[in-house]
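Undergrad: The structure's right below; bear with me while I get my questions together.
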Amino acid sequence: MGTRPLRDAPRDLSSIASLEESLILPHFTSDDAFSIGVAIRHRLRSLSNLAAVVSISLANTNNLLFHATSRPGIQPDNDIWVSRKRKTVLRWGVSTWFMHNKFKGDEAEFARKYGLGGEAGSYAIHGGGVPIRVQGVEGIVGVLVVSGLKQQEDHMVVIEALEEFLEQERRGADGSRGLEREGSDGSTLHER
């Protein structure tokens, strides 16, 4: 993923939805979560000296597949943000960036619209939470969350990592080099 800057995050709902719909994965395993998580961690380190959290979990079991920080300096509050973003993705089935733009960042209107009352603080409409979908599977299979940078950066680092994962999968399907994975002995494995 390199040191290139992140693309600007789209702000209109149709562009955000279209982008999310283009990120349907052919499969999603714990090895895939590890590969994506490591790629995001490396990308975060190349983007910023700020600490950020990467969290990837299954949707139906809360099983945590990957959790790492990009640098020292994470506070307990970062995990609260991860939880709030995850909960938003699970309830509405779209990214937290989509919800942020839908409500123009107005958390009070968001809470009123959905009658959240005292529960409002359990949800976050700040970019960085993205649903993981798999081809042929209805609904969300997982949630990928980044927290620690500006919200549009949290969002786009996830989007670009999923795009890169899909590109690697396409190259692998064409017979070229597939994804790199860590072997049980710590060695690097190449899958096709």
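Heads up: the sequence shown begins at 1 in full-length UniProt numbering, then just goes up one per residue. Using N, Cα and C, we set each Cβ at its ideal position, and we do this for glycine too.
How is residue 4 classed by DSSP in three states: helix, strand or coil?
TA: The answer is coil: DSSP assigns residue 4 none of H, G, I, E or B.
Undergrad: Relative to the C-alpha of residue 120, which candidate in 83, 94, 19 has its C-alpha closest?
TA: 83
Undergrad: Please determine if the stretch 54-67 and the stretch 99-106 are in contact, where contact requires at least 3 C-beta pairs separated by less than 8 angstroms.
TA: no
Undergrad: For residue 149, which beta-bridge partners are listed by DSSP?
TA: Bridge partners of residue 149: none, in fact.
Undergrad: What is the DSSP secondary structure of residue 96, reduced to helix, strand or coil?
TA: Here residue 96 sits in helix by DSSP.
Undergrad: Beta carbon of residue 50, beta carbon of residue 127: below 9 angstroms?
TA: no
Undergrad: Compute the beta-carbon to beta-carbon distance between residue 153 and residue 6, rounded to the nearest angstrom, for a pair I have assumed lies under 8 angstroms.
TA: 6 angstroms
Undergrad: Would you report the Cα separation of residue 87 and residue 4, rounded to the nearest angstrom?
TA: 31 angstroms
Undergrad: Distance, Cα to Cα, residue 146 vs residue 54?
TA: 5 angstroms
Undergrad: Report the partner residues of residue 131 according to the DSSP bridge assignment.
TA: 143
Undergrad: What is the rounded straight-line gap between the Cα of residue 15 and the Cα of residue 95?
TA: 12 angstroms
Undergrad: On a Cα-Cα basis, can you pick out the residue from 20, 125, 144, 72 that is closest to residue 151?
TA: 125
Undergrad: What's the C-alpha gap between residue 26 and residue 135?
TA: 5 angstroms
Undergrad: Got a sec? Which residues, its chain only, sit under 8 angstroms from residue 160 by beta carbon, not counting five neighbours each side?
TA: 1, 6, 7, 43
Undergrad: Around the Cβ of residue 63, are there at least 16 other Cβ atoms within 10 angstroms (buried) or fewer (exposed)?
TA: Residue 63 is exposed by the Cβ-count criterion.
Undergrad: To the nearest angstrom, how far is it from the Cα of residue 131 to the Cα of residue 122?
TA: 17 angstroms
Undergrad: In the DSSP assignment, find the beta strand (DSSP E) that holds residue 33 and state where it starts and stops.
TA: Unbroken run through residue 33 is the alpha helix (DSSP H), 30-47; no beta strand (DSSP E).
Undergrad: May I ask you to report which of helix, strand or coil DSSP gives residue 176?
TA: Interpretation of residue 176 is limited by its pLDDT of 49, a score under 50 that renders its predicted location unreliable; the figure taken from the coordinates is listed afterwards. Here residue 176 sits in coil by DSSP.
Undergrad: Could you check which residue in 81, 77, 52, 18 has the C-alpha nearest to that of residue 70?
TA: Taking only the C-alpha atoms, the option nearest residue 70 is 52.
Undergrad: Residue 155 and residue 9: beta carbons closer than 9 angstroms?
TA: Taking 9 angstroms as the cut-off, the Cβ atoms of residue 155 and residue 9 count as close.
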